[in-house]
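See structure below.
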Amino acid sequence: MTNPILPGATLGMLGSGQLGRMFAIAARRLGYRVHVLSPDTETPTGQVADVEVRADYLDLERVAEFAGNVSVVSFEFENVPAETTEICQKYCPVRPAGSVLFTSQNRKREKTFLRDAGLPVTPFTSVGSQVELIAALQKQGLPAVLKTADWGYDGKGQVVIRTIEDAGNAWSALNVPQAILESFIDFECELSVVAARGLDGQFVSYGPIGNSHCHHILDISVCPAAIPLSVATEAIEITRAVLEKLDVVGVMCVEFFLTKSGKLLINETAPRPHNSGHLTIDAHITCQFEQQVRAICGLPLGSSELRSPSAMANLLGDVWEAGEPNWIAALSYSNLKLHLYGKQEARLGRKMGHLTVLGKTVEQAEQTARAARAALKSR
Ligand code: AMP
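Everything in the sequence shown is counted per this note's numbering, starting at 2 for the first residue and increasing by one.
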């Protein structure tokens, strides 16, 4: 067994957004040092890391130097180029491995891998031209969702197609060489399971977490999700299979649609902590970011036991639209935790922070989270 990377060592993070920031906070609490590399400066992660390296992900000389100064490298978003992780791997372990990133960062590779592994995914067809799109629509049926194969997140790079006549416009709107056509799922609800897998195969999971989206961006997450126990167990077992088949060392989120007939379908996976798992910071014994630190360092994973029903509400730039949010009003809710990511500019739709509320019930927690978020806009 590889030697564990112990507190005091330096951990490397590719990507410098809020996920890297919360990783860095967890790492520093455990006594690690953190170096971060991204093309930006004054970033959410850079503000709490020991060293912030500003370099392009394809500046392989700088990337090599970065990897040479740390004991392990992880990443906080999927679109890190494969060349970057390949170079890092020459100097230290990359966890999860670059191969996991490669599979997850492209919807066609991801969905094909999962389907071939016998796991339930949204029905899809790979398309590379308008002609192929029309053929796929005829085979698969309407409505359908056309998604870019690469660089898709938070609903970006996807178009709903309701009639066959929409195909031409949808293909031009996406303007990419490769896409996938998914059946539109009239789901009962959306769920996610965030899970961690250690170097020795130890597995822990959170949830299922219930998620509501607004304009394709996560809006509210609640834990536990209001679903039958049998569905919860099945979602966790599918997630376990995903992590095992991909041989993930680290944290991964699996997002599901629960259909009206009670079937679980994987919508997508992310080989890193996930927005829906932010409530684990306050609601669980060990949060998803600490599990990421523990897993990539080869340490035992912590308990993922839920302390209390909880709800998380995202704070997008929209909350700043009419001026500085009314922090006092929100913080007057004593069972609320406020998390801000240190971003300088509040743009519409930009994730600026989140708040988590612990309650006696999920309903109560969600109600308070919504009320507190609304109070941020009060004058
Ligand atoms: P994605 O970026 O693929 O996770 O999509 C963002 C959101 O769009 C999802 O969380 C769903 O709310 C919605 N969505 C995506 N794909 C589908 C689909 N095939 N059927 C219905 N809704 C979808």
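Cβ coordinates follow ideal geometry from the N, Cα and C atoms, glycine included.
Got a sec: does the ligand AMP put a non-hydrogen atom nearer than 7 angstroms to the Cβ of residue i?
i      : result
THR432 : It is not possible to answer for residue 432, since the shown part of the chain is limited to 2 through 380.
ILE329 : no
ASN268 : yes
VAL146 : yes
PHE188 : yes
GLU183 : yes
HIS217 : yes
GLU191 : yes
GLU79  : no
GLU256 : yes
GLN289 : no
HIS279 : no
GLN428 : The shown model of the chain, from 2 to 380, leaves out residue 428, and the question about it has no answer.
HIS275 : no
HIS355 : no
HIS285 : no
Find out if the Cβ-Cβ distance for the pair residue i, residue j is shorter than 8 angstroms.
i      : j      : result
GLN289 : TYR207 : yes
SER75  : ARG96  : yes
THR369 : ASN336 : yes
PRO94  : GLN203 : no
SER379 : ALA347 : no
GLY299 : LEU200 : yes
GLY251 : ALA227 : no
LEU147 : ILE165 : no
GLY99  : GLN106 : no
ILE221 : MET313 : yes
ILE282 : ILE239 : no
LEU175 : VAL160 : yes
THR123 : SER39  : no
LEU265 : PRO121 : yes
PHE114 : ILE181 : no
VAL205 : GLN292 : yes
PRO45  : GLY21  : yes
Worksheet item: At what residue ranges does the segment 10-37 contain a whole run of the beta strand (DSSP E), taking only runs of 3 or more?
Response: Whole beta strand (DSSP E) segments, 3+ residues: 11-15.
Practice prompt. Would you mind listing the beta strand (DSSP E) stretches within the segment 151-198 that are 3+ residues and don't spill past its ends, in chain order?
Written response: Runs found: 159-162, 180-184, 188-198.
Item to complete: Enumerate, from N- to C-terminal direction, the unbroken alpha helix (DSSP H) stretches of 4 or more residues contained entirely within the segment 288-354.
Response: With a minimum length of 4 residues, the continuous alpha helix (DSSP H) runs that stay inside the segment 288-354 are 289-297, 328-332.
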